[in-house]
Amino acid sequence: MLLTLAQRKIYINLYLNPKWALSMVGEKLKCIDLMPPRCARVAVLFSGGKDSTLAAIRLLENDCEIHLLTMVHDAMKWESQIEHVQARVEELRKNFPESNITWKRINCTYYFKKIGVECLEEDVKKYNMMILICMACKVAMHYSAIHYCVRNGIRYLADGSNNGEGCRWMEWSEEVLREFCSFSKKYGIMYCCPVYNSIGSKKNVKDILTRYGIYTKSLELECIMHGIAPSLEQKAGKEPLASEEIKHIARYVRDKFKLLEELDPIPYYYLGKAIERPHDEIKRKPGILVE
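Just so we're aligned: the sequence shown equals residues 130 to 420 in my numbering.
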């Protein structure tokens, strides 16, 4: 039997205790478990998978207006599978009929090819790693999302990154996420992972989605590189993340963001007008879109 909306809020908070705990202390990321203010406008990197769906639910429970950004590129089978993501969006709209939910599909093929495909052989030598193509995908998606946020005056960007079952993805390690946080902050965007410390086991995720009446199978788009490119996933969480590999990944992220800024600069917006100066050089006035 499905729960009422009030019952859902009580249940979800048992699993996902919101904390305003993301802060930069010097150069160290103290914690990743951020909830934007109530009723904030938040862009969500939304794949249609269970993790990003749970992040969207957490934000909707906080009465946020969410913009679900589904990134696609030519290495995805998105044309034949995009309806699966749309079905997930409709499930959220059905469960939260009074919430403002916008869904956008954004093609980031240009970014992905420039930083991930065209220079892959060179990058393998430079960073002494093979597992780079998946990281290039995440950087390209994040950069596209920052573009969207800046152009639409959105101050918060979220995704479903989490440390459930041992943080099995290198891109979800705190040192790597710190790079995404720092880059976002440069443009006045607070990057947040609302379920980072709250998901726990896969069973918990499935249980929560079931009680919301949401299909528990992951509906995210499939990448044609799956099974070809070395995966960032650790073997069942048994292998610890190698610190040197994480440092290489973090450096890779910094370098690729810098390259993207050179290829396609993100305009800074001041009172709705694009300018070229960095935002920290702007004289502060009420109503500016980038802090």
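In this text, a Cβ means the ideal position worked out from N, Cα and C, and glycines have one as well. Note that the structure is predicted; figures quoted are calculated from it, not measured.
Mind checking which residues open and close the beta strand (DSSP E) that includes residue i?
| i | result |
| --- | --- |
| lysine 233 | 230 to 236 |
| alanine 204 | Taken as a continuous stretch (DSSP letters only), alanine 204 belongs to no beta strand (DSSP E), as it is neither H nor E. |
| cysteine 321 | 319 to 321 |
Using the beta-carbon count (16 or more within 10 Å), is residue i buried or exposed?
| i | result |
| --- | --- |
| lysine 179 | buried |
| arginine 284 | buried |
| lysine 385 | buried |
| arginine 217 | buried |
| asparagine 292 | buried |
| cysteine 278 | buried |
| proline 165 | buried |
| lysine 332 | exposed |
| cysteine 168 | exposed |
Closer than 6 Å by C-beta to residue i: which residues in its own chain qualify, once you throw out the five before and the five after it? Chain order, please.
| i | result |
| --- | --- |
| glutamate 304 | Ile375, Ala379 |
| histidine 196 | Ala172, Thr231 |
| phenylalanine 225 | Leu189 |
| threonine 199 | Phe175, Val214, Arg234 |
Tell me the DSSP secondary structure of residue i in three-state form.
| i | result |
| --- | --- |
| tyrosine 344 | coil |
| glutamate 247 | coil |
| leucine 189 | helix |
| arginine 170 | strand |
| leucine 163 | coil |
| glutamate 194 | strand |
| glutamate 227 | coil |
| asparagine 333 | helix |
| valine 324 | coil |
| phenylalanine 175 | coil |
| serine 372 | helix |
| serine 424 | Given a span of 130 to 420 for the chain in the structure shown, any question on residue 424 remains unanswerable. |
| threonine 339 | helix |
Going by alpha carbons, who is nearest to residue i out of the options?
| i | options | result |
| --- | --- | --- |
| threonine 339 | Tyr381, Pro166, Ile186 | Ile186 |
| tyrosine 240 | Lys254, Ile211, Ala274, Asn229 | Ala274 |
| serine 290 | Gln210, Asn281, Val324, Cys263 | Val324 |
| aspartate 393 | Leu221, Ala265, Ala269, Val334 | Ala269 |
| tyrosine 320 | Lys331, Leu221, Arg307 | Arg307 |
| threonine 345 | His213, Ser313, Cys310 | His213 |
| aspartate 203 | Asp192, Gly177, Gln215, Cys237 | Cys237 |
| serine 313 | Leu286, Ile337, Asn191, Glu208 | Leu286 |
| asparagine 191 | Ser302, Ser228, Leu388, Lys242 | Ser228 |
| tyrosine 316 | Lys243, Tyr272, Ile343, Ser347 | Tyr272 |
| serine 302 | Ile262, Leu249, Val382, Gly282 | Val382 |
| lysine 437 | Val334, Asn333, Phe309 | Any answer about residue 437 is impossible in this case: the structure gives the chain only from 130 up to 420. |
| glycine 177 | Glu194, Ala169, Leu221 | Leu221 |
With a threshold of 7 Å on Cβ separation, who are the neighbours of residue i within its own chain once the five nearest residues in sequence on each side are excluded?
| i | result |
| --- | --- |
| glutamate 373 | none |
| aspartate 288 | Val173, Leu174, Ser181, Ala184, Cys322 |
| glycine 155 | Here the model assigns glycine 155 a pLDDT of 33, short of 50, so the residue's position is not dependable, and the following value carries that caveat. Once the five neighbours on either side are set aside, glycine 155 has no close Cβ partner at all. |
| glutamate 391 | none |
From which residue to which residue does the alpha helix (DSSP H) around residue i run?
| i | result |
| --- | --- |
| alanine 274 | 262 to 281 |
| alanine 287 | Careful: alanine 287 lies outside any alpha helix (DSSP H), inside the beta strand (DSSP E) at 285 to 287. |
| isoleucine 395 | Premise fails: isoleucine 395 is in no alpha helix (DSSP H) and is neither H nor E. |
| phenylalanine 309 | 303 to 315 |
Might you give, ordered along the chain, the residues of its own chain that have their beta carbon closer than 8 Å to the beta carbon of residue i, omitting 5 neighbours on each side?
| i | result |
| --- | --- |
| glutamine 215 | Trp232 |
| isoleucine 244 | Ala265, Val268, Ala269, Lys385, Leu388, Leu389 |
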